[in-house]
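Participant: Would you mind keeping the following structure in view while I ask a few things?
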Amino acid sequence: MTMISEANKAKARALTARLTLEEKIGMIHGAALFHTAPVERLGIPAMTFDDGPMGVRADTHDDDWAPLHNTRDYVAYLPSGSAVASTWNPALARLTGEALGQEARGRGKDVILGPSLNIKRSPLCGRNFEYMSEDPLLTAVQGSAYINGVQESDVAACPKHFAANSQETDRLDVDESIGERALREIYLPAFRAAVQQGGALTIMGAYNLINGTQCCESKLLLDDILRDEWGFDGLVVSDWSALKDTEASAKVGLDVDMGVTPNFDDYYFARPLLEAVRDGRVSEADVDRKVEHVLAVMDALNMLGEARAERKAGSYATLVHAQAALSVARESIVLLKNSAGVLPLDERGTKRLLIIGANADRVHSSGGGSAVIKAVHEISPLLGINGMLGGNVDITYAEGYWAPQVNQDDTWQEDSLENSEQNAAAEAERTRRLREEALALARDFAATGDPIIFIGGLNHDYDLEARDRTTMDLPYGQDALIDALLDIDPNAVLVFVAGSPVAMPWEPKASTIVWNWYNGMESGTALAETLFGRVEPSGHLPETFPMAIDDCPAHAIGTFGLEGHVDYTEGIYVGYRHYSTNDVPVRFCFGHGLTYTTFDYTDLRVREADGDLLVEFHVRNTGARPGKAVPQVYLGLEGTGEDRPRYELKGFTKVALEPGERRQVTVRMPRADALRYWSERMHGFCVAPAAAISVGESVGDLRLHTHIG
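For the sequence shown, position 338 (counting from the first letter as 1) is numbered 338 according to the UniProt record's numbering, and the numbering increases by one without interruption.
Here you go:
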């Protein structure tokens, strides 16, 4: 694990002492959109940042966001944060990070802006596809492994957005009222793990306010918690243009001011900070601390002096990284429902196949805000299925609904001037025609018993930075199409590509539902392999799929998507903590995921060793196919004198088993962490004296139970 050493700090202090005030100031604000200023006389390079949750961003001009349109910035397109979490496999999270770190280093970057560790508070958040989970432990485990992978390549990971950036509506200014307990138990643990287990060298401060204070001005967040309590000694960079006040941010642990506009000398940490130091409003010692953090990170990354020769070179757009993307995609796909045993489809026996849905033939790497990249390739579901089945299967494709994909070559300016009512009428007519064409084909295929696959969902017109969805409903009239399709063939295979849950009013009529996420450059390959049984599905949901948005605690109890002010009244009862405690029915529960086999759980016992809880049990594959089980351990804390959720995830693992194979599984967790909770009465962390322990396949399918205390 890459760490900042005392030697790094000493070198940083020595170099800082040789810098002029003007040189120091140049090192702590953007001199371009993605880098700071170098100090050439001392051999200090610029620090280069880049977006990268799903791949390294394409090159842009230093002073505007227009792409350079060169041919050397094509990169690997990696599965989204939601997909990585859905694997429930830290080794694959690390593999994703390794690929991203190598690509970033190969592209000459120093800091990659990711992973995104915010909690999925509402299904409507536009950036949920980047985020990992509604659960802090799953986010912490997968996120820390991801960070470790990135930093192997002498590139700093930059977990974001610290903290509680869980909505896009009014994201630059929204003030979030969050209780102490919710902040400590839900919204901060993944960042703590990023620092203490992941060894993150940088952190990004968020746009929003928490309890009246800008995150990038918060002494509580940046000094008291991040640096003093967690021991973070790296650098904190603002989200781009997040700063609002020079003095307020200069006096706390915010180190680097980056922005979205080209007036670099006017940034808060540029000329305004220089003047504040000269006027005595800000101490030069405050500036020195920031510069020392920057230089210590540079030295840890082998950016300074003779160590440059030892810095790893990296590589990008390689077949190795495509294989990594495929490995992650294979384990992220979630089989939500297979009640009629339709899947896996018979690859050899299939002679005709109907595929319906615009997402079958759509690519997703070129959208989503800061997650946009230039993928060296992207296998769509339609291409993946066609490529795997080859020329002996007659595959018919019907768009089914109209979901236009806007790109830089589209004449959107001219289109925007056309009559909107005429456009709406034309779109409705086109949607109706596409639906009828698809349903006519479906009747033909259903009559002969040939399989039908629908591939729909969302895209980056909906899963998008800077905008939240307004509803969980599927766009483009998909619900009407699906409902009619299921009337024709209730065994049609329904596949969804999306980064957030959608409403499924037709779910009781469906026998077969698959969830595919934004799964990277090999998404279509992994999906084809899974549908036809070459790969066993093993993904599990990292979030709850509610029946309706009004069931979600952020909407039913708190507030979401408002301008100006949002109340996190639900407190710690986020996601499944709310649904399971209050017996609220859900469409698909947290942790849910089926396979093409079945597993049996027996012989639960709990023992202690060296301060750890060892939860031991046996898992047996009781089916006829190999598969990967995801045992999950939940605790219900008791004896706290305060209200607690019924279940909280405290540990998990993933186990590959052949048919009939039985294995003892041990999930190990530090007792102090497993029983830890934030006491509102004590205003601090305490350890519960007792707990109920449950083990199973999901929070809604718990097979074994015991008690400690």
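All residues carry an ideal CB built from backbone N, CA and C; glycine is no exception.
Less than 7 Å separating the beta-carbons of Thr-569 and Gly-558?
Facilitator: Position 569 of the sequence shown, counting from 1, holds the residue named residue 569. Position 558 of the sequence shown, counting from 1, holds the residue named residue 558. Yes. Within cutoff.
Participant: Quick one: residues in its chain with C-beta nearer than 6 Å to the C-beta of Thr-597, no 5 flanking neighbours on either side, listed in chain order?
Facilitator: Position 597 of the sequence shown, counted from the start, is the residue given in the question as residue 597. Asn-621, Gly-623, Arg-625, Gly-627.
Participant: Let's see if you can read the secondary structure: which residues bound the beta strand (DSSP E) around Asn-621?
Facilitator: Within the sequence shown, numbered from 1, the residue matching residue 621 stands at position 621. Counting along the chain, the beta strand (DSSP E) containing Asn-621 begins and ends at 612-621.
Participant: Which residues bound the beta strand (DSSP E) around Leu-4?
Facilitator: Sequence index remark: in the sequence shown, residue 4 carries index 4 (1-based). For the sequence presented, residue 4 should be read as Ile rather than Leu. No beta strand (DSSP E) holds Ile-4; DSSP gives it neither H nor E.
Participant: To the nearest angstrom, how far is the alpha carbon of Arg-105 from that of Ser-153?
Facilitator: Taking the first residue of the sequence shown as position 1, residue 105 is located at position 105. Taking the first residue of the sequence shown as position 1, residue 153 is located at position 153. Going by the C-alpha atoms only, they are around 7 Å apart.
Participant: Does the distance from the CB of Leu-635 to the CB of Glu-616 come in under 7 Å?
Facilitator: Working through the sequence shown from its first residue, we reach residue 635 at position 635. Working through the sequence shown from its first residue, we reach residue 616 at position 616. No, the Cβ-Cβ distance between Leu-635 and Glu-616 is not below 7 Å.
Participant: From Leu-614 to Gly-639, what does the alpha carbon distance come to, in whole angstroms?
Facilitator: Working through the sequence shown from its first residue, we reach residue 614 at position 614. Working through the sequence shown from its first residue, we reach residue 639 at position 639. Approximately 21 Å, taken between the alpha carbons.
Participant: Pairs of beta-carbons, one from the stretch 523-532 and one from the stretch 125-142, closer than 8 Å: are there three or more?
Facilitator: Touching, no, given that fewer than three Cβ pairs across the two stretches are closer than 8 Å.
Participant: Let's see if you can read the secondary structure: which residues bound the alpha helix (DSSP H) around His-61?
Facilitator: Translated into positions along the sequence shown, residue 61 becomes position 61. Premise fails: His-61 is in no alpha helix (DSSP H) and is neither H nor E.
Participant: Within 10 angstroms of its Cβ, does residue 710 collect 16 or more other Cβ (buried), or is it exposed?
Facilitator: As shown, the chain starts at 1 and ends at 709. That puts residue 710 outside it, with no answer to give.
Participant: Under a Cβ-count criterion, where at least 16 other Cβ atoms within 10 Å of its own Cβ denotes burial, should Gly-564 be classed as buried or exposed?
Facilitator: As a working mapping, residue 564 is identified with position 564 in the sequence shown. The residue is exposed, with fewer than 16 neighbouring Cβ atoms inside 10 Å.
Participant: According to DSSP, simplified to helix, strand and coil, what is Gly-390?
Facilitator: As a working note, residue 390 is residue 390 in the sequence shown. Helix, per DSSP.
Participant: So the candidates are Ala-609, Arg-605, Gly-114, Leu-92; which of them puts its Cα closest to the Cα of Leu-326?
Facilitator: As a working mapping, residue 326 is identified with position 326 in the sequence shown. If we check each option's Cα against that of Leu-326, Leu-92 comes out closest.
Participant: Could you tell me which residues DSSP pairs with Ala-656 in its beta bridges?
Facilitator: Start at 1 with the first residue of the sequence shown, and residue 656 comes out as number 656. Lys-628, per the DSSP bridge assignment.
Participant: Taking only beta-carbon atoms, is Phe-264 less than 7 Å away from chain D?
Facilitator: Absent from the structure: chain D. Only one protein chain is present.
Participant: Determine the contact status of Val-260 and Ser-283, defining contact as a CB-CB distance below 7 Å.
Facilitator: By 1-based counting over the sequence shown, the position of residue 260 is 260. By 1-based counting over the sequence shown, the position of residue 283 is 283. No; because the gap between Cβ atoms is not below 7 Å, this pair is not in contact.
Participant: Leaving out the 5 sequence neighbours to the left and right, which residues in its chain are closer than 6 Å to Arg-435 when beta-carbon positions are compared?
Facilitator: In the sequence shown, residue 435 corresponds to position 435, counting from 1. Taken in chain order, the residues that qualify are Leu-481.
Participant: If you compare alpha carbons, which of Ala-428, Leu-254, Arg-352 is closest to Asp-224?
Facilitator: Here the question's residue 224 lines up with position 224 in the sequence shown. Nearest of Ala-428, Leu-254, Arg-352 to Asp-224, Cα basis: Leu-254.
Participant: What did DSSP end up calling Gln-151 once you bin it into helix, strand or coil?
Facilitator: The count along the sequence shown starts at 1 and reaches residue 151 at position 151. Helix at Gln-151.
Participant: Taking a contact to mean a Cβ-Cβ separation below 7 Å, would you say Gln-167 touches Cys-125 in this structure?
Facilitator: As a first step, residue 167 must be located in the sequence shown, where it is residue number 167. As a first step, residue 125 must be located in the sequence shown, where it is residue number 125. For Gln-167 and Cys-125, yes; Cβs fall inside 7 Å.
Participant: With the cut-off set at 7 Å, would you say Ile-333 and Pro-537 are in Cβ contact?
Facilitator: As a working note, residue 333 is residue 333 in the sequence shown. As a working note, residue 537 is residue 537 in the sequence shown. Yes. Within cutoff.
Participant: What's the gap between the Cα of Arg-184 and the Cα of Leu-439?
Facilitator: Stepping through the sequence shown from its first residue, residue 184 is reached at position 184. Stepping through the sequence shown from its first residue, residue 439 is reached at position 439. The alpha-carbon atoms of Arg-184 and Leu-439 are separated by roughly 51 Å.
Participant: Sort out for me which residues DSSP pairs residue 710 with in a bridge.
Facilitator: Because the chain spans 1 through 709 in this model, residue 710 falls outside it and cannot be assessed.
Participant: Using the three-state DSSP reduction, which class does Ala-31 fall into: helix, strand or coil?
Facilitator: In the sequence shown, counting from the first residue as 1, residue 31 sits at position 31. Correct three-state label for Ala-31: coil.
Participant: Would you say the stretch 462-469 touches the stretch 493-507, given that touching needs at least three Cβ pairs under 8 Å?
Facilitator: They touch, by the three-pair rule.
Participant: Alpha carbon to alpha carbon, how far is Ala-424 from Ala-403? Give it in angstroms, no decimals.
Facilitator: In the sequence shown, counting from the first residue as 1, residue 403 sits at position 403. In the sequence shown, counting from the first residue as 1, residue 424 sits at position 424. Answer to the nearest angstrom: the Cα atoms are 13 Å apart.
Participant: Quick check: is any heavy atom of the ligand FMN less than 6 Å from the C-beta of Arg-663?
Facilitator: Looking for the ligand FMN in the displayed structure turns up nothing, as the structure carries no ligands at all.
Participant: Does DSSP put residue 710 in a helix, in a strand, or in coil?
Facilitator: Examination of residue 710 is not possible in this model, given that the chain is present from 1 through 709 alone.
Participant: Could you spell out the range, first to last residue, of the beta strand (DSSP E) harbouring Ser-677?
Facilitator: Within the sequence shown, the letter at position 677 stands for residue 677. Looking at the sequence itself, residue 677 is Tyr, so the reference to Ser does not match. It spans 676-679 - the beta strand (DSSP E) in which Tyr-677 sits, taken as one unbroken run.
Participant: Please report the straight-line C-alpha distance between Ala-14 and Ala-7, rounded to a whole angstrom.
Facilitator: Translated into the one-based positions of the sequence shown, residue 14 becomes position 14. Translated into the one-based positions of the sequence shown, residue 7 becomes position 7. So the two alpha carbons sit approximately 11 Å from each other.
Participant: Beta-carbon separation of Val-699 and Val-655 under 7 Å?
Facilitator: Here the question's residue 699 lines up with position 699 in the sequence shown. Here the question's residue 655 lines up with position 655 in the sequence shown. In this structure, Val-655 does not lie closer than 7 Å to Val-699 by Cβ.
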